[in-house]
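Note that the sequence shown covers residues 5 to 335 in the working numbering. By construction, the Cβ of each residue, glycine as well, lies at the ideal position given by its N, Cα and C atoms. Report on the following structure.
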Amino acid sequence: MQAEHRIVYRQPGRFAGWPANYGMWAWGDEIVVGFTECTHRAGAGFHARTPEQPAIPLQARSLDGGRTWTAASSPAPSPGQRGFSADEHMIPALRVATAIEMGLEPLPRPCPGDIDFTHPDFALMAARTGLGTGTVAWFYSSYDRAHSWQGPYALPLFGLPGVEARTDYLVNAGGECLLFLTASRDDGDEAAGIFLARTTDAGKSFEFVAWVAASSENHLLMPSSVRLGDTRIVTAIRCNAALGAFDAAPAWIDLYESIDDGNTWRFLSRPVPDAGSGGNPPSMIKLRDGRLCLTYGYRAAPFGIRARLSEDGGQTWGEVIHLRDDGGCSD
């Protein structure tokens, strides 16, 4: 297999990563991806960043199918203009949760319910404070291919200890949108499980629909979902054992299936039995020929990016495809 590698963003002395915390959107050859930029610190541990410096959300855009990229600060407004979806990587004084506690505008507020999820240039980005009990979540909408974002629009807690929102959504007809979200634990920890929320009134309100998967023993987080039919959805989930040190825990990726448009779910397969130290989120898409393609980072040496293909809707998976094995660290 031939793979063409391109650099989206790289700057001396800077750390850039974690696009799964923001999202990626495509309109033909136009692609937009969000990610975090931090001050690099070698030897800082599992994440080579400096928590005493701000974590800044950036966006990169390609107009030629990913061959060339330009990057700039994210245009999404946030409380106190703090970095969002990255509080776990900053000291408390720099966090967006602190800005919310201080009442710094723009605060997440209820959505008026006028979102056209079917607009041809639409994008939705989920956002959050940090991780664990008390995590606050919101979302943004865009009608101009992420050149600007409306929001922040508050997401409810759904009666949960916290909601660790990352971008994973499916659009249905008639003002309906499905959000796949991660729940916090009530003991202060993160990643109790994945649940589905639905809006049927153009974003004005969201209701809890069902648990995709939940566990008291393992961390389940960072879903990636694909619709395979009118009522069939498959969701890939990052999993790791909630035992001992994060970077030493076994990690894998599981796939769950719904055949009734998300109302009930069952385990389908384990496409990635080993995702390396601490694990990494899946990115799953449906190819033009109908196959599923699941791509993921491998966080053990040799660090890299891998993929697997399924020809039967996720029931079985082909051999691991090594897209690259030359990563400098686990991130």
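The alpha-carbon separation between Arg-71 and Gly-163 amounts to approximately 44 Å. The residue among Asp-125, Val-324 and Ala-240 with its C-alpha nearest the C-alpha of Gly-32 is Asp-125.
Scanning the segment 227-305 for uninterrupted beta strand (DSSP E) segments of 3 residues or longer gives 237-245, 255-262, 270-276, 286-290 and 296-302, listed from N- to C-terminal end. Cβ neighbours of Arg-99 within its own chain (closer than 6 Å, five residues either side excluded): Asp-91. Here the alpha carbons of Asp-193 and Val-213 stand approximately 23 Å from one another.
The segment 97-148 contains, as complete alpha helix (DSSP H) runs of 4+ residues, the segments 100-105 (chain order). Residue Tyr-157 holds the alpha-carbon nearest to the alpha-carbon of Pro-110 among Tyr-157, Ser-287 and Ala-150.
Closest by C-alpha distance to Glu-211, out of Gly-266, Tyr-302 and His-9, is Gly-266. In this structure, Phe-143 is the residue among Ile-325, Arg-312, Cys-297 and Phe-143 with its C-alpha nearest to the C-alpha of Thr-203. Here Ala-218 is not near Ile-119, since their CB atoms are 8 Å or more apart. In the three-state scheme derived from DSSP, where H, G and I count as helix and E and B as strand, Gln-85 is classed as helix. Separation of Arg-270 and Leu-259 (C-alpha to C-alpha, rounded to the nearest whole angstrom) is 9 Å. A straight line joining the alpha-carbon of Asn-244 with that of Thr-320 spans about 21 Å. Fully enclosed beta strand (DSSP E) runs of no fewer than 3 residues occupy 173-175, 181-187 and 197-203 of the segment 166-216, in order along the chain. Within a 10 Å sphere around the beta-carbon of Leu-174 sit 16 or more other beta-carbons, which makes this residue buried. Our two residues, Met-129 and Asp-191, have alpha carbons roughly 28 Å apart in a direct line. Distance from the CA of Phe-199 to the CA of Arg-65, rounded to the nearest whole angstrom, comes to 30 Å. When DSSP states are grouped into helix, strand and coil, Ala-24 belongs to the helix group. Of the residues assessed, Asp-329 falls on the exposed side of the cut-off, its CB having fewer than 16 other CB atoms within 10 angstroms.
In this structure Ala-131 is in contact with Ala-169, their Cβ atoms being roughly 6 Å apart against a cut-off of 8 Å. Gln-154 and Ile-257 have their alpha carbons spaced roughly 33 Å apart.
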